[in-house]
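Notes for the one structure printed next.
There are 2 protein chains.
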Amino acid sequence: MSGAKERDERRRLRGRGPSRDASRACDYHRLRNPFEPAAVFSEDRVAAIHESALRVLEELGIKVLLPEARMIYARGGAIVDDDSQIVRIGRDVIGAALKSAPRSIDLHSGAPLRDLTLTIGRLTFQSGAGSPYVTDLIRGRRAATLRDYRELTKLTQHFDVLHMLNPLVEPQDIPMHLRHYHVTEAQLTLSDKFPFVFSRGTPQVRDCFRMIQDFRGLSTAEFEAAAHCYTIINTNSPRQLDIPMAQGLIDFARAGQLSIVTPFCLMGAMAPITIAGALTLSHAEALAAIALTQLSRAGAPVCYGAFASNVDMKSGAPAFGTPEQVKANLGAGQLARLLGLPWRCAAGSAANMNDAQAANETQMSAWGAVLAGATVIIHGAGWLEGGLTVSYEKFITDLEVLQTFAELCTPVPAEESDIALDALREVPPGGHFFGAAHTMERYKTAFYQPLVADWSNFGTWTENGSKSANERATGIWQSIVNEGATISNSVERVDALSEYIQKRTREGGAPPES
Amino acid sequence: MSGAKERDERRRLRGRGPSRDASRACDYHRLRNPFEPAAVFSEDRVAAIHESALRVLEELGIKVLLPEARMIYARGGAIVDDDSQIVRIGRDVIGAALKSAPRSIDLHSGAPLRDLTLTIGRLTFQSGAGSPYVTDLIRGRRAATLRDYRELTKLTQHFDVLHMLNPLVEPQDIPMHLRHYHVTEAQLTLSDKFPFVFSRGTPQVRDCFRMIQDFRGLSTAEFEAAAHCYTIINTNSPRQLDIPMAQGLIDFARAGQLSIVTPFCLMGAMAPITIAGALTLSHAEALAAIALTQLSRAGAPVCYGAFASNVDMKSGAPAFGTPEQVKANLGAGQLARLLGLPWRCAAGSAANMNDAQAANETQMSAWGAVLAGATVIIHGAGWLEGGLTVSYEKFITDLEVLQTFAELCTPVPAEESDIALDALREVPPGGHFFGAAHTMERYKTAFYQPLVADWSNFGTWTENGSKSANERATGIWQSIVNEGATISNSVERVDALSEYIQKRTREGGAPPES
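Quick mapping for you: the protein sequence lines, in order, are chains A and B.
Mapping of the first sequence onto the working numbering: residues 1 to 514, in sequence order.
Mapping of the second sequence onto the working numbering: residues 515 to 1028, in sequence order.
As structure tokens, this is what we get:
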């Protein structure tokens, strides 16, 4: 892509805010976290948690339901009891895995502009993901469909600050044995961002690898030489790795594709009630999963991950955006830095509608993840009800926060011309800078242009219909969803993809494994 | 107050969340900022901005409208031109002021529990302040009255995380020459927190000092020996100090009371459009005001302050919670640390209702202030429309964020019992920790109990009326506003205060000066 074309492309892709003012070019693609990571534990306590996690794996072990995975662990030197399915993993095995796991992972997308590098210090955002339901102000709360999945994929494509595709919502109108075809097709044809594949057994994963490889025009060797897609691995906390997850770790590692390992540990429920205890468990499980990837193929791309929050101890309901989640995020970051691996962390909200609670919870937990130095932050936009629902409106209002984070990644110039003594000399006491030369030179590009925020005064806002941020967000997502194709695909490849799906559908698809 | 009584008092005062669970005692009173301050400028750029601010004061000067203030500056060594009213202040004068200004300021309230210390590293919060309008879901948006002021004072008193009283709203039903009597009476009789006094000329300030001194039962020497109240000084940016503000700085300094100096610099409007330029101006004005306090009485308590955000360059409308405000907050913190003075920073929102925009803007700017290491954070709860309105509901929903910040100030224990190897041993793979001994010992106190967040699932939430955070907030503020007296006052002092107000009212009150 030529320089000028690339710049135009960036502008077009950028999202409504900055694109309203074509002369303001802020790059949201390759963000470096501007904040020094914050800590909640002293260094010796980080070491103590790591040591305790190693003891969990050595002394208590982890239950691994997939026989092939137990075999790989055993070959790697772990002690396996096939009756109890418990695998005890020594610190030598973990140490070797941490040595071969890459510190920096290049992700190859459908366009060079969309390629990413995951390494500590970089910052990438994802929207909310994995929800069975979806809601918006026009159509209400409902079971998600392929149409919703496709619309949300378009929205994800539209905003530069969303760096990767992700499972978004479950299209419940498509049966499980065919679902992976349609979500992969949507990702590849509606977006050129880095795609996601669910680990629901080898047959589905093999189908998805094939579709991505062919659509990208890659040989098998080229496909396997670098990460072209990723999966997310949740352990079944406490201390259990189920069949599709273990199979996913193996399949992705062998094909050189990325696994993001994220134990989901709710303190007081599937994890100890203490932050230190929950992180000990989460860390142990992550280490076990990372080891399986490296035993399957040394050097395979894998991300550390942690998603720990608390529950309401009265009802057992999960909570997000709590002080405990922020603290757990910060502690997890310390463990990730001890390992030196790129890692994933999460925002979230348990609110039932996109109100002040929803906004505050998502932003609070996102700050926890940003200050923790997370490389990938998931559930950054749209997540409601602890992940049961993605809200189109919340998707938009949360993006304002993510775009603000992206703006915070840009430096603040303070050269003589920025300090502006001349402008200060020009404007008299009690005057204003609206017409100053210093202002006129910069006013078009000085400030972030909001996506959904309305800064008009109360009178103007009332005349314009007293619209809430939610109502304004509806207009924004509608205009994006209704716009035509935003990426240009090869007709041949789109047709070939479609033919592959028809053929595999006729063959009976690929039921998920468990 | 005895230990047990004090503990009960703390519980009662704490706000609805923690007080629902009497066994959880988290102290929101004396917070230490848990975050290392973040930086946007290199050290040499901080020095360059400071040097440029000194040049502004030396070369351009500041217009000072009050003759007495000009005289004080002149006596202190500044170069004064009475025709233009321009005061040029040399770096020797500023240097001496920065030497005599205290690094740590003890604030004396109506109860020892409410006393505060302002110094870098401490963290105190204030609600939104200074609004002519007020709004709530029951009574709508309206001009604020004394009733609103009194209700909001009760709310401020109720929540431990609000550390100081502040101007809240303007009771427009009370004429200006009598207003200070009624707001001071409300502060003293409805709260034992540190009170605020507007600088609207010496007669009003003298009245307020008298009321506070007498109500606290202090001799003049006792009153003047420590800070018993404070004022906020806004310069008229750019480079102008008006009559009541200059008079306030002098009167408060002479009486040993606290001035918080906060230039309000909107980039592109009354300040340069660049962050570095706006901070140069703001810093220069703050230094000039600090100098006036120290020239009036060396060692007088004074806080540095900065409140810089940007405007929408299309409409001129002020904006808050923007990336530019966050960056300006962080830069101001670097300047404050260069001086070593306690300092004030601000959150804010330009939204017209308490929606996702409102929540996101206030939280975003509050994070900017927290990460900037601000000692006092104002407008942390309730501020809408860039300060034209205080919302009762937003007051409550923002408090959830402030309480979360307070929780983040508490350490995260990670001793052996927190790491919980025994609990991890007890619970089998795939099991849960709800009934574990480790959980049972801690479940009552482990987690922050939310103020307004509803974590119930969608079904339960729907059965309970699908209430938004706003609607729930209405119930919370109503129950607090409608509860009886929450502090016990001396009947004699309340009567004496009332008599003083009646007497001064008969004498014609004290019109504001300008």
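Each residue gets a CB set at the ideal place from its N, CA and C atoms; glycine is no exception.
Given the structure is predicted, the values throughout are model-derived calculations rather than measurements.
Taking a C-beta distance under 8 Å as the contact criterion, residue 434(A) and residue 830(B) qualify as a contact pair. For residue 310(A), the pairing in a beta bridge is given by DSSP as 267(A). By the rule that beta-carbons nearer than 8 Å mark a contact, residue 263(A) does not touch chain B. In the DSSP assignment, residue 618(B) falls within the beta strand (DSSP E) that extends over 618-621.
Against residue 260(A), chain B offers no close residue; the least beta-carbon distance is about 22 Å (beta-carbon pairs closer than 9 Å). Secondary structure note for residue 1023(B): it is in no beta strand (DSSP E), with a DSSP letter that is neither H nor E.
Counting only unbroken stretches of 3 or more residues, the beta strand (DSSP E) elements lying wholly within the stretch 214-273 of chain A are 230-233, 258-261, 264-267, in sequence order. A contact is defined here as three or more CB-CB pairs under 8 Å, and the stretch 1006-1024 of chain B meets this definition with respect to the stretch 726-735 of chain B.
The beta-carbon separation of residue 600(B) and residue 571(B), rounded to 11 Å, does not stay under the 8 Å limit for a contact. Going by DSSP, residue 989(B) is part of no beta strand (DSSP E) but of the alpha helix (DSSP H) stretching over 983-995.
With a threshold of 16 other beta carbon atoms within 10 Å, residue 314(A) falls short and is exposed. For the 8 Å CB-CB criterion, residue 512(A) and residue 204(A) form a contact.
Distances from the alpha-carbon of residue 944(B) to those of 64(A), 195(A), 28(A) put 64(A) closest. In the three-state reduction of the DSSP assignment, residue 160(A) falls in the coil class.
Under the Cβ criterion of 8 Å, residue 991(B) is not counted among the residues facing chain A. For the beta strand (DSSP E) assignment, the stretch 399-426 of chain A encloses no uninterrupted run of at least 3 residues. At a C-beta separation below 8 Å, residue 480(A) has no neighbours in chain B, since its nearest C-beta there lies roughly 18 Å away. Excluding the 5 residues flanking it on each side, residue 784(B) has same chain C-beta neighbours closer than 7 Å at 751, 752, in chain order. The contact set of residue 795(B) on chain A, defined by CB atoms closer than 8 Å, consists of 424 in chain order. The three-state secondary structure of residue 346(A), taken from DSSP, is strand. Between the stretch 899-915 of chain B and the stretch 981-992 of chain B, the count of Cβ pairs shorter than 8 Å is three or higher; the stretches touch. If you ignore the 5 residues before and after residue 455(A), its C-beta comes within less than 8 Å of no other C-beta in its own chain. Taking CB atoms only, residue 1000(B) has no neighbour in chain A less than 8 Å away. Residue 514(A) has its alpha-carbon roughly 36 Å from the corresponding atom of residue 137(A).
Only buried fits residue 566(B), as 16 or more other CB atoms lie within 10 angstroms of its CB. For the C-beta of residue 549(B), the chain A residues within less than 7 Å are, from N- to C-terminus, 38. For residue 328(A), the secondary structure class from DSSP, reduced to helix, strand or coil, is helix. Contact between residue 933(B) and residue 48(A) holds: their C-beta atoms lie close to 6 Å from each other, under 8 Å. Shown here for residue 41(A): same chain residues with a beta carbon closer than 8 Å to its own, the five before and five after excluded, namely 49, 276, 331, 334 in chain order. Residue 247(A) and residue 202(A) do touch by the CB rule: their CB atoms are close to 6 Å apart, below 8 Å. Scanning its chain for C-beta atoms nearer than 6 Å, with the 5 sequence neighbours on each side dropped, one finds around residue 229(A) the residues 195, 197, 212, 257, in chain order.
With respect to residue 618(B), residue 633(B) sits close: the two C-beta atoms are nearer than 8 Å. When C-beta atoms of the stretch 412-426 of chain A are compared with those of the stretch 154-173 of chain A, fewer than three pairs fall below 8 Å, so the two segments do not count as touching. A distance below 6 Å between beta-carbons, with the five flanking residues on each side excluded, links residue 264(A) to the following residues of its chain, in chain order: 234, 307. Bounds of any alpha helix (DSSP H) do not take in residue 81(A); it lies within the beta strand (DSSP E) bounded by 79-81.
Here the alpha carbons of residue 773(B) and residue 815(B) stand approximately 7 Å from one another.
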